[in-house]
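To start, the structure under review is shown below, and the notes come after it.
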Amino acid sequence: MAKINHNNFLDTVNEVIGNAKKQQIVHLYAEDKNFEKGIITVKGSKLFHFGTTSYLGLDHDERLKQAAIKAINNYGTQFPLSKTYISHPLYAELESKIQELYGIPAIITKNSTLGHMAVIPSAVNDKDAVILDHQVHWSVQNAAQMLRLRGVSVQMIRHNNMDMLESRIKSLYNSSERIWYMADGVYSMFGDFAPLEALKYLSKKYPKLHLYFDDVHGMSWCGQNGMGYVMSVYKDLPENCLLLATLSKSFGASGGVLICKNNKLRNKIKNFGGPLTFSAQLEPASVAAAIASANIHLSQEIYELQEDLQLRTQHFSSLLSKTDLPVIHNNTSPVFYIGTGLPITGYNFVKRLFKEGFFVNLGLFPAVPVTNTGVRITISRNNQLKEISELVKVMNYHFPKAMEDTNTTTTNIRKLFRLKSERTTIETINTGSLMLIYETSIQKLDKSIWNRLMGQRSVFDWLGMEFLERTFSNNNEKEHNWEFHYILVTDDDNKPILATFFTRALWKEDMLAPESVSIQVEEKRKNNDYYMSNYVLSMGSLLTEGKHFYLDSTSLYAKEAVLLMLKKIHIIDNVKSSEMIVLRDFFEKDEKLTDLFHEQGFVKIKMPDAAYINNIQWNSEAEYLNSLSNRSKRHFKNDIKKFEGYFDIKWQNTCKKETVGIIYQLYLNVKHNNLGLNTFAYPQSLFTNMNEDKNWEFLLLYFKSNTSHSSETPVGMMCCYKNDDHTFVPVVVGMDYELSRTYNIYRQLLYQTIKRAWESKFKTIDFGLTAAFEKRKVGATIFSNHAFVQAKDNYFMEYMTTLQQR
62 MAKINHNNFL
72 DTVNEVIGNA
82 KKQQIVHLYA
92 EDKNFEKGII
102 TVKGSKLFHF
112 GTTSYLGLDH
122 DERLKQAAIK
132 AINNYGTQFP
142 LSKTYISHPL
152 YAELESKIQE
162 LYGIPAIITK
172 NSTLGHMAVI
182 PSAVNDKDAV
192 ILDHQVHWSV
202 QNAAQMLRLR
212 GVSVQMIRHN
222 NMDMLESRIK
232 SLYNSSERIW
242 YMADGVYSMF
252 GDFAPLEALK
262 YLSKKYPKLH
272 LYFDDVHGMS
282 WCGQNGMGYV
292 MSVYKDLPEN
302 CLLLATLSKS
312 FGASGGVLIC
322 KNNKLRNKIK
332 NFGGPLTFSA
342 QLEPASVAAA
352 IASANIHLSQ
362 EIYELQEDLQ
372 LRTQHFSSLL
382 SKTDLPVIHN
392 NTSPVFYIGT
402 GLPITGYNFV
412 KRLFKEGFFV
422 NLGLFPAVPV
432 TNTGVRITIS
442 RNNQLKEISE
452 LVKVMNYHFP
462 KAMEDTNTTT
472 TNIRKLFRLK
482 SERTTIETIN
492 TGSLMLIYET
502 SIQKLDKSIW
512 NRLMGQRSVF
522 DWLGMEFLER
532 TFSNNNEKEH
542 NWEFHYILVT
552 DDDNKPILAT
562 FFTRALWKED
572 MLAPESVSIQ
582 VEEKRKNNDY
592 YMSNYVLSMG
602 SLLTEGKHFY
612 LDSTSLYAKE
622 AVLLMLKKIH
632 IIDNVKSSEM
642 IVLRDFFEKD
652 EKLTDLFHEQ
662 GFVKIKMPDA
672 AYINNIQWNS
682 EAEYLNSLSN
692 RSKRHFKNDI
702 KKFEGYFDIK
712 WQNTCKKETV
722 GIIYQLYLNV
732 KHNNLGLNTF
742 AYPQSLFTNM
752 NEDKNWEFLL
762 LYFKSNTSHS
772 SETPVGMMCC
782 YKNDDHTFVP
792 VVVGMDYELS
802 RTYNIYRQLL
812 YQTIKRAWES
822 KFKTIDFGLT
832 AAFEKRKVGA
842 TIFSNHAFVQ
852 AKDNYFMEYM
862 TTLQQR
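In case it helps, the numbering used here puts the sequence shown at residues 62 to 867.
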């Protein structure tokens, strides 16, 4: 339903991070005059630092600092020249040390991000394919986007899902020279590991499979000579594997390191690896510090440092295991993640820890799925055992309070992270002074109340909902069976504050993707009808469009009513889990509502614009034309009026059975030729039910008998819903595509719909979503439209984003 293009995605990220900034959680500044080990000062308070990625604390090692000072005195603050021409005097020694460390000549990069930008486009050929783990670091994903400009297939799989990886390998195998799988050795947020043994097995089973690892978070704290997690498992780097390590973080200096056993490929990358060729080289101080660190790594001291860190890591892990805190991956890495689920719970928990004197990081979208917000805690050698013990004690005390403040539970959090939970009871809603009414059929709701709140909109007045329930129930195909969920919230005086409805239905995952992508996916659906499809719990339905949400924003209980609704839909989702929850069709800008949805784990995405003609007052074509702009008047004359005489225009409440069949085929023409909004086709019973319902009527275009075309069969149709005497709703369109190009059938259908509305004294035409450009030409007002999406993991959101960037 939404079009997630790159700019929209960035806007969404901007809003999420902006909301966290308002909470004073991110974009902070350290205020220390000089750093004490394990301490950082924020807003005048000294905090124990549990957010650093310098796990071994080498950034404060006196040897590294003195080496950097000496290098500045000898060579200055920088050596501003590309390494293609000449490297400053210390580079040769550093490269020699790194080669001694790995046993393979290395390529030094300015940092790991520029390293990926240099290596990935150079290593991957035009006939290769790339598969990304959906939690691989952003810098890898960003570098991979450049490959799409060369036509390289870049796909994404769910995190550490080896079955999905093998399936993708098989589908790409015959059409690709090589297939690159890109992952982190140690993932930066959850601290979990890539399944290296399984990947080694797959690379032997499929010789075209090559592996690319970002192991910056695995560097130094494990492995022989601190070579990192990947090398601790593989020992000898395979020929088909590229490894990007780091000289920063645990290494204590700056820069990135590429390890590549293939001499020919390594030389190719070094000779023309983008930033390697044109960017400045590492500053002398950074190179000198890296040499000093390399000397430590090449000595026995590195193992003492690793053991010192491991003691602290094991101590923290042991203490966590005795609590009920939802630790996402309790493993041997120094990265731990306490899940809070919703951002608002994360904000509350982090603030509490700040006040108690502990600095930690908040994991936010897009680094983690929006409903996988949590607190990332990193352990370093600078953290003392007493401080670690106190942190666990404080977290164990404040976590339940943070949940209570934000109306969530451990059960909810574990569900969002798909963790096992000992509790199985369904949670109740604490209504306070509000009452929530929940039903699964419109028949159980008062008709007058529903219509007062939700009537005069699209097809979801009381009779419209009755029609939808009847049509999308008891069908043979699962995509044609929808569950309906109605929610009303009232105060203690029974005054309605909120009203809405949700449907749970099967969506195609590529529904949000560009048409070019859906064309490819539909080819695969020829062998599997439900390829890439999942259930979604969405406000509104796949047939209705428009404002599905009533809220009395003047009520003192408006916010509480929204929170109550969200809690109820999550309880509904607990019964039958869906891949996504969607709150859709919001036209007005409402910062308070946007912030509230973000805090509750939803991200805003752009929807297709909505089109309406409001306050219809004209009584003739001339009056209608006067309402149009000069440009639209010319469009009307040349593209609509010019062709009107070719058609017999018929409005019918009921049609013959064979005509309903033709109407359905005309609809399928549009459905199959327009994949920009790719849904499952509606069942033919929808049109049969329309034909039997007095609230629907059909606009049919026939060629006149004096034309060269058959006058017996309609060539265009519009199915319209009459919402009381107020709103006229053209819902489904169909046409003969070949003839439409010559006779502008679609534009004729739009105009005849408008003409019918003014002749029938309707006040509003709800033209719905998509084709806003065409609808604006006939006088519609266009409204910007947004939805708020809560996906169960980042795979869906990131997958759709990568599709948009093809």
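Beta carbons are placed, not taken as given, at the ideal position from N, Cα and C, and that holds for glycine.
All values reported here derive from a predicted model rather than from experimental measurement.
For a test of the three-state rule: what should DSSP assign to residue i, helix, strand or coil?
| i | result |
| --- | --- |
| I498 | strand |
| Q661 | coil |
| Y611 | strand |
| Q445 | coil |
| S772 | coil |
| W511 | helix |
| E544 | strand |
| F254 | strand |
| D786 | coil |
| N422 | strand |
| I701 | helix |
| T879 | Within the shown structure, residues of the chain are numbered from 62 to 867, placing residue 879 beyond reach of any answer. |
| K824 | coil |
| F834 | helix |
| D72 | helix |
| Q3 | Because residue 3 is not part of the residues shown, which for the chain are 62 to 867, the question remains open. |
| V436 | strand |
| I666 | strand |
| A646 | According to the sequence provided, residue 646 is Asp. The question's Ala does not apply to it. Of the three classes helix, strand and coil, the one that applies to D646 here is strand, per DSSP. |
| D194 | strand |
| F741 | coil |
Could you work out which residue in the options is closest to residue i when comparing CA atoms only?
| i | options | result |
| --- | --- | --- |
| K765 | E773, K718, D571 | E773 |
| M223 | L208, R239, S236, K261 | K261 |
| T384 | L452, G164, T406 | L452 |
| I389 | G424, P150, Q371 | G424 |
| L868 | Y763, L811, K702 | It is not possible to answer for residue 868, since the shown part of the chain is limited to 62 through 867. |
| R437 | F251, N95, E652 | F251 |
| E835 | N805, I474, F312 | N805 |
| G137 | H149, Q375, V291 | H149 |
| W819 | L830, A832, V790, V794 | V790 |
Report the rounded CA-to-CA distance for residue i versus residue j, giving the unit in angstroms.
| i | j | result |
| --- | --- | --- |
| R513 | N730 | 37 Å |
| G79 | N433 | 18 Å |
| D941 | L612 | What the structure shows of the chain is the stretch from 62 to 867, and residue 941 is not part of that stretch, so it cannot be assessed. |
| L414 | L125 | 32 Å |
| W511 | L549 | 9 Å |
| P182 | E344 | 25 Å |
| G407 | G435 | 6 Å |
| N535 | L567 | 15 Å |
| A204 | F420 | 31 Å |
| E156 | Y248 | 27 Å |
| A671 | R837 | 10 Å |
| K755 | H847 | 33 Å |
| R518 | Y673 | 11 Å |
| K629 | P775 | 46 Å |
| K868 | T469 | The structure shown does not extend to residue 868, since the chain spans only 62 to 867, so no value can be given for it. |
| I240 | Q581 | 19 Å |
| T740 | N699 | 33 Å |
| Y812 | A683 | 13 Å |
| D72 | F397 | 29 Å |
| E76 | S616 | 26 Å |
Tell me where the beta strand (DSSP E) around residue i begins and ends.
| i | result |
| --- | --- |
| S599 | 594-600 |
| L848 | As written in the sequence, residue 848 is Ala, which differs from the Leu given in the question. Residues 842-852. |
| E758 | 757-764 |
| Q216 | 214-218 |
| Q285 | Q285 -> no beta strand (DSSP E), and no H or E assigned at all. |
Quick one: give me the first and last residue of the alpha helix (DSSP H) that residue i is part of.
| i | result |
| --- | --- |
| W819 | 806-820 |
| Y242 | Where Y242 is concerned, there is no enclosing alpha helix (DSSP H), although the beta strand (DSSP E) it sits in stretches over 240-245. |
| M223 | 223-234 |
| K416 | 404-416 |
Should the region 111-122 be called in touch with the region 680-693, which here means at least 3 C-beta pairs below 8 Å?
no
Between the region 351-371 and the region 271-289, can you find at least three pairs of beta-carbon atoms closer than 8 Å?
With a cut-off of 8 Å, the region 351-371 and the region 271-289 count as touching, because enough Cβ pairs lie within range.
Mind the definition here: the region 731-738 touches the region 672-692 only if three or more C-beta pairs lie below 8 Å; say whether that holds.
no
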